[in-house]
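Each residue of the sequence shown is one higher than the last, beginning at 289 in this note's numbering.
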Amino acid sequence: MSTKVLTSPEEQTKAVENSAAVIRQHIVLMRKCLDSRNHFMDALKHASTFLNELRNNSLSPKEYYELYIMVYDGLEYLSEYLRDTHPDNHLADLYELVQYAGNIIPRLYLMITVGSVYMGVKDAPIKEIMNDMLEMCRGVQHPIRGLFLRYYLSQRTKDLLPTNGLEEEDSKSADTDKKSDKDAQNMQPSAQNPLHGDVNDSIHFIITNFIEMNKLWVRWQHQGHSSEFEKRTEERKELQVLVGSNLVRISQLEAIKRVYYKKNILPLILEQIVKCRDVIAQEYLLDVIIQVFPDEFHLITMDELFNATLRLDPAVSSKKIILSLVERLIAFKKREPEYVSRVVAEDSVDIFGKFIEFIDKLLEWKPDLSADDYCKLLCGLCRLSVIYYSQKYENLDSVYEHAVKFYIDNEKIKKSKNAKEKTLPKKDSSKDNTSQSCWKDLLTCPVYQYSDVTTVLKLGDSYLKFVNAMSYEVRKSVCRDIITRFLKEKAQITTDEELRKAFLFLDPFIRIQDGESGETVNQKTKKPIQTSGDILGGSPNTTAADLTENTEKAPEDSMEIQKNEEFLSKFIHTIYNKNPYKNFELLESAQKELAKGEQRVKYTYPALVSTTLKLIRKLYLVKHLQTDRQKKKVNRFFTFISAILSELSKHSYNAIDCFNMNLTTAEIADEIGMENISYDFFIESLVIYEQFFLDSRSQYQALMGLINKLIGAKNLMKTDNFDRLITRTTIYCSKLLRKTDQCRAIYMASHLWWIVDDTEKTEDADESEISDLVSGVGHLSLKSDGKRVLECLQRALRTADSILDSNVSLELFIEILNQSLYFFIHGNNLITVRYLNGLIELIENNFSSLGKIEGPSLLTWNHFQRTLKYVSEQKAIDSRFDEVHA
């Protein structure tokens, strides 16, 4: 056994190895002596020898623990031997004998070993042995040796402590909780055998051992040179489990109930924790109390825990302790909701009130409490309130009142300091980000804690006031979280009040903040430069020169702004009411709020248009648009859409999307039988086309969309307005700049003059009817102007013939041939067999003039052959094709 102080790691390692070798050697010798049954005293000598190695002063806690484990195993063998072989009356003599060992460490370890075996004997004086061992252990005051000795005492006796004596008291205490402390003490039952002891003696034993261990643990920090203080701190953290094991022992006593715990156990433990005035001990031990004792105990002992927390060393992190308690209570409520509700009701425990009162006292006690700690405390309280008092929104209102006051006071203090120092505030981005992130967690707590996200809209004004007190970045982040949760849960805004509240939260996504619009300014005109996507959709006063000037310099809104507005647009689709007219009123209110975003309406208004169109279609499908009165009511919907689209054009909205929305609206208006409104929206589409579509490609695509919608406007076809629209559309097609686009647009426009409806076919049609349909006789003609069709096809042929590229010209000829076949099949008498044969002959002659067919020409030739194959197949089912050359 070494008593020399070793400093180098090599010396310590060598000392551990030497001590371990001695322990192993004498354990083997002790076991041999015990097995021989005639050398018991020699066995005790060997035990005393290897126990001497625990007198080493030079080892760290980790190294000392290695030796302790080896010694424990050796003493365990001795303990089993004593339990199996010695008569009861001999253990009392042996208990006295081992106390004559020469050194105190071997003496006490052997005493505890024999004493613990003796406690398991029938009619043993357990109470006397417990008190005796407790007093004798006071003889070791070295922190590490004393801690491990008392830990050994705790381990050996944990299953032998008396547990009887509290059953009667618990049943009485549960019914008489309001009695005085004096009455409670009178209820303590006496044990049947005074020498045996009861659970009160066990608790006294454990708590006394805990107090002495804690004193030793705290004292360890003062050992050695002051330069090794950090090392001692780390070593203390390694030893903390030894001290905490005593509290675990108490929590494992099943006889203890919550009333007894509150009056007789917790005060003693808390008194020792407060008195020790050590930061590490106080933080650790309070956390152990919270973690090891049953959850229902904490429900009735919060006052005691809070009072003790307020009396701790100022350096102790109260936040960690309180949040640990919050997590336990939340988990308890989730695990056993009915039981917790009953306990809280029976004991009239106002959990929220106690927490908020404690936080107020804590702020008085620590006026310099950091914003991060205060915020996390409020966040924990917010979560606790949602779990325990989900319908008491005034609790959350109180939390956010505290948050607002603290935040505003902090800002005033910062400004005051800066004013006194006459310096600008230092920007510590990392610290600011951490603080803002903490406040954001508090703001989003109700968003994610409530199962129904719309509950956030029921909170008081304090929540909104706190939101508005935050920085713009935090408000944007909270806004995004709210929308995300709405979309994920598929929640819906159904009332005016919910809508009003929602847009108060969404304000950061709606209004443009200073320096945040994402636009640049033209230095010559001092006006915002339009984006490249807006060039097609400039305002009506925008000239071609302006568009040309801004084309190269047009930046777009930042990606972040676009994503935020995309979120906002998705949120608009959550506005819903079963009554379509009430739903429409909500959309009108939403439009007024979105209008505050000025040019950002270009992102959000389309969502209003599509949602309104859904309402119109819904009314039509449920047959609420049968009468003129019903149609008159829905006129408001179209007026609303028209106003929105007009507003979009003022903000240089993308003309292509605006054009398409007008077409879609016109289509739905025609579908429900409101031809005049449909005509107005078609006209508006043509106006947008004339003003903003400048390049040939966009013009061609727009005209294809327009032709498609016009062909589907079956009700509008019955009016004279339809002819005006298709005439104008055909003229636009003939004016396209590129000849290929012009040719295709013209032959597509021909379909506006010859429209048939195939929907009249039925499954019950007989063979003669099917034959008529195949021959083109049975189609219902909605529009039939064969002359105009022929004019369009001939105009397309002339345009195709004027193209210099022969292969492109041939491809267009074939496409025109296909269109001609369509009209021939559908009964256009001006498209005759002679016309088709002439067109086929023209294509064949052009191929002959090409000579060798290869490359792109080969693809065109294959296209032509597929068309001729189709003509040949038609001959088998339609006699009109017999004379067509194929």
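Beta carbons are placed, not taken as given, at the ideal position from N, Cα and C, and that holds for glycine.
Problem set entry | Classification of Leu435 by the beta-carbon crowding that lies within 10 angstroms, buried from 16 upward | The residue is buried, with at least 16 neighbouring Cβ atoms inside 10 Å.
Problem set entry | Nearest neighbour of Ala779, chosen from Ile849, Phe1101, Val741, Asn1003 [CA to CA] | Val741
For this session: Could you check what DSSP says for Trp1042 in three-state terms: helix, strand or coil?
Result: Trp1042 falls in the strand class under three-state DSSP.
Exercise. Excluding the five sequence neighbours on either side, which residues of its own chain have a C-beta within less than 8 Å of the C-beta of Gly748, listed in chain order?
Worked result: Contacts found: Tyr681, Glu682, Leu684, Asp685, Tyr688.
Exercise. If we call anything under 8 Å between Cβ atoms a contact, is Lys415 one with Leu483?
Worked result: yes
Exercise. Buried or exposed: which applies to Gly427, given that a residue is buried once 16 or more other Cβ atoms fall within 10 Å of its Cβ?
Worked result: Looking at its Cβ environment, which holds fewer than 16 other Cβ atoms inside 10 Å, Gly427 is exposed.
For this session: Following the continuous alpha helix (DSSP H) through Leu530, name the residue where it begins and the one where it ends.
Result: 517 to 539
Exercise. Who are the near neighbours of Ile1119 in its chain, counting only those whose CB is closer than 8 Å to its CB and skipping five residues on each side?
Worked result: Gly1074, Val1077, Leu1078, Leu1081, Ser1108, Phe1111, Phe1112
Exercise. Taking Cβ to Cβ, would you say Pro450 is nearer than 8 Å to Ser514?
Worked result: no
Problem set entry | Contact between the region 345 to 354 and the region 399 to 416 (3+ Cβ pairs under 8 Å) | no
For this session: Please name the residue, chosen from Lys764, Val762, Ile781, that lies closest to Val744 on a Cα-to-Cα basis.
Result: Among Lys764, Val762, Ile781, the Cα nearest to that of Val744 belongs to Ile781.
Problem set entry | Between the CA atoms of Leu913 and Lys919 - distance to the nearest angstrom | Distance between the alpha carbons of Lys919 and Leu913 is about 5 Å.
Problem set entry | Reference Ala603; option with closest CA among Ser984, Phe797, Glu978, Ser658 | Ser658
Problem set entry | DSSP-derived helix/strand/coil call for Pro297 | In the displayed model, Pro297 falls within a helix according to three-state DSSP.
Problem set entry | Simplified DSSP state of Ile781, which is helix, strand or coil | strand
Exercise. What is the DSSP secondary structure of Lys814, counted as helix, strand or coil?
Worked result: Note on Lys814: pLDDT 39, under 50, position unreliable in the model; no value is reported.
Problem set entry | Nearest candidate by alpha-carbon position, reference His1039, set Leu1024, Val562, Lys1023, Leu994 | Leu994
For this session: Evaluate His510 with the Cβ neighbour count: other Cβ atoms within 10 Å of its Cβ, from every protein chain shown; 16 or more gives buried, anything less gives exposed.
Result: exposed
Exercise. Ends of the alpha helix (DSSP H) at Phe1111?
Worked result: 1094 to 1113
Problem set entry | Contact set for Glu876: own chain, Cβ-Cβ below 7 Å, skip 5 residues either direction | Phe928
Problem set entry | Own chain residues within Cβ distance below 6 Å of Leu382, not counting five before or after | Val402
For this session: Following the continuous alpha helix (DSSP H) through Ser490, name the residue where it begins and the one where it ends.
Result: 487 to 507
For this session: Ignore the nearest five residues each way along the sequence and tell me which others in Ala412's own chain have a CB closer than 6 Å to its CB.
Result: Tyr406
Problem set entry | Run of the alpha helix (DSSP H) containing Gln1153, from where it starts to where it stops | 1144 to 1163
For this session: Name the residue from Arg630, Asp916, Glu351, Glu384 whose alpha carbon lies nearest to the alpha carbon of Glu526.
Result: Looking at the Cα atoms, Glu351 is the closest of the given residues.
Exercise. Closest to Gln443 by CA distance: which of Leu370, Ile393, Gly532 is it?
Worked result: Comparing Cα-Cα distances from Gln443 to each of Leu370, Ile393, Gly532, the minimum goes to Gly532.
For this session: Per DSSP, which residues does Ile863 bridge with? Please list them.
Result: Ile781
For this session: Please report the residue range of the alpha helix (DSSP H) in which Thr1175 lies.
Result: Residue 1175 lies beyond the stretch modelled for the chain, which goes from 289 to 1174, so this question has no answer here.
Exercise. Who are the Cβ neighbours of Met501 in its own chain at under 8 Å, not counting the five residues just before and after it?
Worked result: Gly434, Leu435, Arg438, Tyr439, Leu530, Val531, Asn534
For this session: Return helix, strand or coil for His1173, following the three-state DSSP convention.
Result: coil
Exercise. Helix, strand or coil: which one does DSSP assign to Lys1071?
Worked result: strand
Exercise. Tell me which same chain residues have a C-beta within less than 6 Å of the C-beta of Tyr908, skipping the five on either side of it?
Worked result: Ile960
Exercise. Would Asn552 be called buried (16 or more neighbouring beta carbons within 10 Å of its own) or exposed?
Worked result: buried
Problem set entry | Proximity of Leu856 and Phe797 at Cβ, strictly below 8 Å | yes
Problem set entry | Residue from Ala619, Glu571, Arg546 whose Cα sits closest to the Cα of Met590 | Arg546
Problem set entry | Candidates Glu624, Leu587, Leu982, Leu573: closest to Ile609 by CA position | Of the candidates Glu624, Leu587, Leu982, Leu573, the one whose C-alpha sits nearest the C-alpha of Ile609 is Leu573.
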